[in-house]
Structures are given as C-alpha cells and as structure tokens.
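With the numbering used here applied, the sequence shown covers 4 to 366.
Each remark here refers to the structure printed beneath this line.
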Amino acid sequence: MVESDQRMSDDEARRLRSVLRGLPCGVITLDSSGAVVHASERALEMLRMDLPAGVDFSVAVSERFEMPDVPRPRDWEAGRELRVDETTLLIQSSPAGTGAVDTVIAVTDVTPFARSLEERAMSLRFLLHDLRSPLNSISALTQLDASDPEEFERCGGMQQITTLAHYVLSLGEQFIFTSVAEHLHRRDFKRLDLRATLRQIVSQLEVTAVYCGVPLQLWLPDSSPVWVNGIRNFVARAIQNVTDNAVRASPRGEAVTVSLRRVDGFAEVLVNDRAGGLPGLAEGERLTDFERLGKKTATGFGLGLKLAVQIVALHGGALYAELNRQGGTVFVLRLPCLNPPAGSAPPTSLVDADRALRSAKPD
C-alpha cells in the first residue's frame, strides 16, 4: 500500500513538472518553512542559479543577488524585481495550500514593461527640463511687471507671456499624445462628424482671434455631415493647433479662413492665412516635413504643427502646406472620409431589385 502511494506521488510529480515546463514563466514551489520543493527548468534558467530541493529559497536568492537583507514572505507576496544582466524579473508569491506545497513563486520576465517605464521616466525628465526655461521666464516677467511696468512692456509684456504659455502647453500636449498613442486600439476610434467638430473648434478660437485682431472665418459647403473615423479629441487638437498657429502668425486685420471639402475619398480641412508664407517655402512647393520649424523656433509654433502631423498620420491621413494666392500659407489636413463618393447611387434594396427584374421581363 505504501509502494502504491509512493508511485502515485511520483506520477503526480511528473505531471507537475510537465505542466511547469509548458508555462511561459518560471515556477518554484515552497513548503511551509520556505524551503524549495521543486523549481522548474524555466525558473532556473531565468534566475541563472541552482535551487535544489530543501534549500531555503529566500536565503539562496538573497545570496545570489547580494541583497542587503533576506526577503520575508510578505516581500515576495508584494513582488520584488531582480536584474539578471539586461533582463528584469518579477518574483511574486501566492498561496498554494495543497499537500506539501504551501507557496508558489512565479518568475516572470517583465523586461519590456520595465523598459517602457524607464523610457517614460526619461521622457518626464526631458519634459521637466524643457519646461523649466519658459516657466522661469514667465515667473521673471510677472515679477518685472510688478517692479518695473515699462521694462516689462519693453520685454514683450503680456504678449511674451502668452507666447511662452503657448509653448508650455505645446510641450505638455506632445508628451500626452506620445504617452497615449502607443496604447491605442482599433476600438478607440469612433465615427465623428468633422463638420460639427470644425464649427466647435472655430467657436472656441474666436476669443484668441479677437485678442490678436485677426478675423476668423469658417466656410462650409452645406449642412451635410462629413464622417471620419478617429479619436475626436485628437482630431480636434490637430485642427486647433494648425488654426491657432495661423491666427497667431497673422498680422492684425488679416483674416484666417477655415474651410472643408471632400476630395477623392478624403475629407480636407483647409486653413488659409495671409501671414507672408512659411520661411523657406517656395512657390509650387509642398511642405510635409515640419520638423525643421520646431528646431528653429522656441514659441511652440513648430511643435504644434509637429503634433498635428503625428495625429493626422495616426488617423491614416496627412498634413501639408503650400503658398496660397493671398500672400500666405494654406495648411491642408487630409483624413479618410467615410461618406460615399459624391454622385454615387444609394444601395438598392432586395425589394427594389426584384421589382426591377420583374418589370424588365418581356410580356
């Protein structure tokens, strides 16, 4: 009877090893005292150490990784990260409570996740560094306004503060977009009416246009919806950035016109200004690379366009600029349009098709 029980135990152990070998993570089982019952080959490969049965798991791991203290059971429950060369491992325990096994330790490779966190932390450090200069300038200007109003005006006054604040906002928007875009899924894209979105954006920018002394005009061909597939907040931000840049770059009294059209399966938003044209843009040339503008200016102008390019590209479209006939630039945002082509016949129902076939038969 004892031999039969021992044989059953051996069979169960073999089945357990077979299951553990098929898991993507490494697994180590411990008894109630914290001693190793079994360690899978995958766990030993990941930890690059031997864990014979009976050895104290916490002591062995602390010696292998030269930890200052021996981890306690609650430390493993919370999870501990270990570095093995360029690999980051998460070691976490959970109760088992079956037979001789009291605790199950999972060894998981979390290197991609850890690398993503490191990149995000580095991006935050860069963002804080980039924000420090304009924020310090805004602080200095506000103090100068209180102590010497005339010098404050000579340094640009409220217009300079507005420009710096706009740059700070552009940096923040760029960081938010980059953080969110890499985690988007197809289900996040919804059908939206670009015509209604344009009306709302222009309405929101009217205050800025009045402050800048620039008439902001919206031209829409008709009242029909223009449908695109996308993330409304992102699409709105791209259009707003381009329009806001055009308003701020325009001389007082010169109008900025926003219009909408459908061309070859695309919906196009056109932003026309009379600001003299982009630097270096020649007649007949089409500018699609706005990276150089971001490098030449510290006002957020190039950053806003760069963000707009990224947003439009995310939606399967494009952004380009050309010189217009009004002594300025036309910015064109192209997005795939969901509306059927103009002039196409509506789909025929089965009833209509059957009626047409019957009427076509000879008597």
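Positions of the beta carbon are idealized from the N, C-alpha and C atoms, including for glycine.
Note that the structure is predicted; figures quoted are calculated from it, not measured.
- Annotated three-state conformation of threonine 165 is helix, per DSSP.
- Using a Cβ distance threshold of 7 Å, valine 210 and phenylalanine 334 do not count as a contacting pair.
- Assignment of asparagine 244 by DSSP, reduced to helix, strand and coil, places it in the helix class.
- Within the DSSP secondary-structure output, proline 339 pairs in a beta bridge with Phe269.
- Each of Val274, Asp267, Ser97 was checked against the Cα of valine 259, and the nearest Cα belongs to Val274.
- Taking a 10 Å sphere around the C-beta of serine 43, we find 16 or more other C-beta atoms and assign the residue as buried.
- Collapsing the DSSP output to three states places glycine 160 in a helix.
- Distance from the Cα of tryptophan 230 is smallest, within the candidate group Gly319, Pro254, Ile242, Lys193, for Lys193.
- In the DSSP annotation of this structure, alanine 46 is not part of any beta strand (DSSP E); the continuous alpha helix (DSSP H) holding it starts and ends at 44–50.
- Scanning the segment 121–197 from its first residue to its last, the whole alpha helix (DSSP H) runs of 4-plus residues come out as 152–157, 160–184.
- In this structure, the straight-line span from the alpha carbon of isoleucine 164 to that of valine 238 is close to 27 Å.
- Put simply, the backbone Cα of methionine 49 is about 11 Å away from that of leucine 93.
- Rounded to whole angstroms, the Cβ separation of serine 140 and leucine 172 is 15 Å, and the two are not in contact under 8 Å.
- Leaving aside the five residues that flank threonine 200 on each side, the residues in its chain whose CB is nearer than 8 Å to its CB run, in chain order, Arg235, Val238, Ala239, Ile242.
- For cysteine 215, the closest of Arg251, Val30, Ala311 by C-alpha to C-alpha distance is Arg251.
- Setting aside the 5 residues that flank it on each side, arginine 83 is surrounded in the same chain by Pro74, Leu93, Ile94, Gln95, each with a C-beta closer than 8 Å to its C-beta; the list follows chain order.
- Phe116 is the residue among Gly29, Gly256, Phe116, Thr145 whose C-alpha sits nearest the C-alpha of glutamate 89.
- Here asparagine 232 is bridged, per DSSP, to Arg194.
- Note: alanine 249 is not bridge-paired with any residue in the DSSP secondary-structure output.
- Residue environment for leucine 120: exposed (fewer than 16 other C-beta atoms within 10 angstroms of its C-beta).
- For aspartate 105, the enclosing beta strand (DSSP E) starts and ends at 104–112.
- According to the DSSP assignment, glutamate 325 belongs to the beta strand (DSSP E) that extends over 321–326.
- Note that the C-beta distance between phenylalanine 60 and leucine 85 is not below 7 Å.
- For valine 64, the enclosing alpha helix (DSSP H) stretches over residues 60–67.
- Shown here, proline 344 sits in coil according to DSSP, grouped into three states, outside any helix or strand.
- A residue is called buried when at least 16 other Cβ atoms come within 10 angstroms of its Cβ; proline 254 does not meet this threshold and is exposed.
- Nearest Cα to methionine 161 within the set Gln177, Ile179, Ser142: Ser142.
- For glycine 307, the three-state secondary structure derived from DSSP is helix.
- Under the three-state reduction of DSSP output, glutamate 80 falls in the helix class.
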